[in-house]
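Asks: Numbering (the numbering used here), first residue to last: 2 to 546. We put the beta carbon where it would ideally sit given N, CA and C, even for glycine.
1) For residue 175, report the span of its beta strand (DSSP E) as first-last.
2) Provide the residue(s) that pair with residue 236 in DSSP beta bridges, ordered along the chain.
3) On the premise that residue 228 lies in contact with residue 203, defined as a C-beta separation below 8 Å, what is that separation, rounded to the nearest angstrom?
4) Where does residue 284 land, buried or exposed, given buried means 16+ other C-beta within 10 angstroms?
5) With residue 399 and residue 376 assumed to form a contact (beta carbons below 8 Å), what rounded beta-carbon distance in angstroms separates them?
6) I'd like the list of long-range same chain contacts for residue 129, defined as Cβ closer than 7 Å, with 5 residues on each side in sequence excluded.
7) In the DSSP assignment, find the beta strand (DSSP E) that holds residue 140 and state where it starts and stops.
8) Have a look at 300, 137, 174 and flag the residue whose alpha-carbon is nearest the alpha-carbon of residue 166.
9) Could you check how far apart the C-beta atoms of residue 244 and residue 292 are, in whole angstroms? I think they sit under 8 Å.
10) Identify every run of the alpha helix (DSSP H) within the stretch 396 to 447, keeping only runs that are complete inside it and at least 4 residues long; order them along the chain.
11) Rounded to whole angstroms, what is the Cα-Cα separation between residue 497 and residue 324?
12) Taking only the alpha-carbon atoms, compute the straight-line gap between residue 407 and residue 213 and give it to the nearest angstrom.
13) Quick check on DSSP: helix, strand or coil for residue 356?
14) Pick from 175, 157, 146, 401: whose alpha carbon is nearest that of residue 46?
15) Taking the alpha carbon of residue 484 as the reference point, which residue from 367, 385, 236 has its own alpha carbon closest?
16) Does DSSP put residue 552 in a helix, in a strand, or in coil?
17) Can you tell which of 430, 452, 48 has its C-alpha closest to the C-alpha of residue 286?
18) Spatial neighbours of residue 40 within its chain, please: CB distance less than 8 Å, with the 5 preceding and 5 following residues excluded, ordered by chain position.
19) Please report the distance separating the alpha-carbon of residue 254 from that of residue 318.
20) Checking 8 Å against the spacing of the C-beta atoms, do residue 184 and residue 152 come in under that value?
21) On the DSSP bridge list, what partners appear for residue 87?
22) Residues in its own chain within less than 8 Å of residue 475 by CB, not counting five upstream and five downstream?
23) So the beta strand (DSSP E) residue 289 belongs to, where does it begin and stop?
24) Can you give me the C-alpha to C-alpha distance between residue 432 and residue 388, rounded to a whole angstrom?
25) State the beta-bridge partners of residue 67 as determined by DSSP.
26) Would residue 66 and residue 72 be called neighbours here (beta carbons separated by less than 8 Å)?
27) Flag this pair as touching only if the stretch 261 to 278 and the stretch 221 to 239 have three or more C-beta atom pairs under 8 Å; answer yes or no.
28) Here's the rule: buried if 16 or more other CB atoms are within 10 angstroms of the residue's CB, otherwise exposed. What is residue 23?
29) Mind checking which residues open and close the alpha helix (DSSP H) that includes residue 384?
30) Mind checking residue 141: buried by the 16 CB within 10 Å criterion, or exposed?
31) Does residue 365 pass the burial test, meaning 16 or more other C-beta atoms within 10 Å, or should it be called exposed?
32) Here's a check: name, in chain order, each residue in its chain whose Cβ is nearer than 6 Å to the Cβ of residue 372, leaving out the five neighbours to either side.
33) What does the alpha-carbon distance come out to for the pair residue 121 and residue 135?
34) Only counting the same chain, and skipping five residues up and downstream in sequence, which positions put a Cβ closer than 7 Å to that of residue 43?
35) Please classify residue 437: is it buried, with 16 or more other beta-carbons within 10 angstroms of its beta-carbon, or exposed?
36) In terms of residues, what are the limits of the beta strand (DSSP E) holding residue 78?
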């Protein structure tokens, strides 16, 4: 077969196939039903999708039952406008087909703490953090956040935690676990919630409060309680002039902010059976009522996150509310200068004076008067020697009425008064060795700010023999030595020495006073002289014979 014949045959076959194909297509197009591929579909908000179709012939018209929810253009592109449902209808050659479009959110996350954090779990603490509001954060196809999506909330265990079905607010009921489910259009998310027991605070319902003056300090002790002695608990106290509740400043972790509350709070030390402080004098000296507030911060077994996104690991609250405190009983608070020392001397040709004492005042820069005077009333001295407390009260009145060898207005320079000055006074010139002196201090109340305080102590002077040093020993000191108190006035070494000296005064008609030793010596001399006289006379008479 030649080439021309073959080409003709191939051409006839190709034409036949083409005619048959076109015939079949035309028959199918004319006989198949027009319809949309999807009868329903979910469409994310602000997303556009194309609706495909089959069958029918001719041009297609498109229509949406709710264009504000889902719109459609002339080519079948559908866009989700807002949450809801719309029916998209396509018409071709007298035939119609529909697709129900459900416009939904693209994603959903649960957020807590006023919507600041996306969370998968939340901790609630009974008595501390029992409520928290959850928020549903929905997004569209372009990841834009949708404000206030309509959300349904459900708790898996309402005996542990409930949730408001529309607002998402949680409420702890008892310790335990539950799962919270949030549902919005087409999406849902879950959050695990655990409720923990309340922190245990110390019970002060049977507490007793006592102040006491312990030598150099005034203390406050709180008994009748069982404080937490662990490192996770701390106690602080505040003193106010009335029972108006003060405020507490805390750190972002929930503990007391000691830096911001500096000079407003003080630590309470912890013993297994009580709380105490030895730093109460600064409050006791204030001229006001004293109301006590005790703050306890307790470490939580489990933290929670607050509305600012802070991890809170401490619970803090007032455990004592405005308890009125009585001062230590007078006159013990207001009378004895419990420890004091006053000494001085000459160092490198420079006179110096030191004063130290601890007294029921704990404030720097307190103005006070210092007064020193000699005590000549033996009845007062005898009472103090016998530890008769009335001797101190009488000494206080004695100091206020009698003249002083030294008196000056001074100012405290530290909590326990200490002062070093160049010769406040020269003790060697003002004091008599071994004599007794009162030391009196009266604090200025500074226009009623401070509680009136005055105090006194008994001291004994000591003047060094080998140096210019001098000292006043308080009667509570081991260096203080009691001398003979049998005379009506104070007997000292120097007064004893004076009593042994010959009295040369002569009164009219009175023989001058003589001592025992001069009389004996005079008698012996007289007897010896008479003996010598008669001995000489005897020898002369014998020679004459």
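Replies: Reading off the structure:
1) Residue 175 -> no beta strand (DSSP E), and no H or E assigned at all.
2) 297
3) 5 Å
4) buried
5) 7 Å
6) 199, 200, 316
7) 136 to 140
8) 137
9) 5 Å
10) 428 to 431
11) In this prediction, residue 497 has a pLDDT of 36, which is less than 50 and means its spatial position is unreliable; nothing more can be read from the coordinates.
12) 32 Å
13) strand
14) 146
15) 385
16) Lying before the first or after the last residue shown, residue 552 is absent from the chain, which here runs from 2 to 546.
17) 452
18) 99, 100, 101
19) 14 Å
20) yes
21) 102
22) 338, 340, 341, 342, 440, 458, 459, 460, 481
23) Taken as a continuous stretch (DSSP letters only), residue 289 belongs to no beta strand (DSSP E), as it is neither H nor E.
24) 25 Å
25) Beta-bridge pairing links residue 67 to no other residue.
26) no
27) yes
28) For residue 23, the predicted model reports a pLDDT of 49, less than 50, meaning its position is unreliable and no value from the coordinates is stated.
29) 379 to 386
30) buried
31) exposed
32) 405, 408, 441
33) 11 Å
34) 103, 105, 187
35) buried
36) 78 to 81
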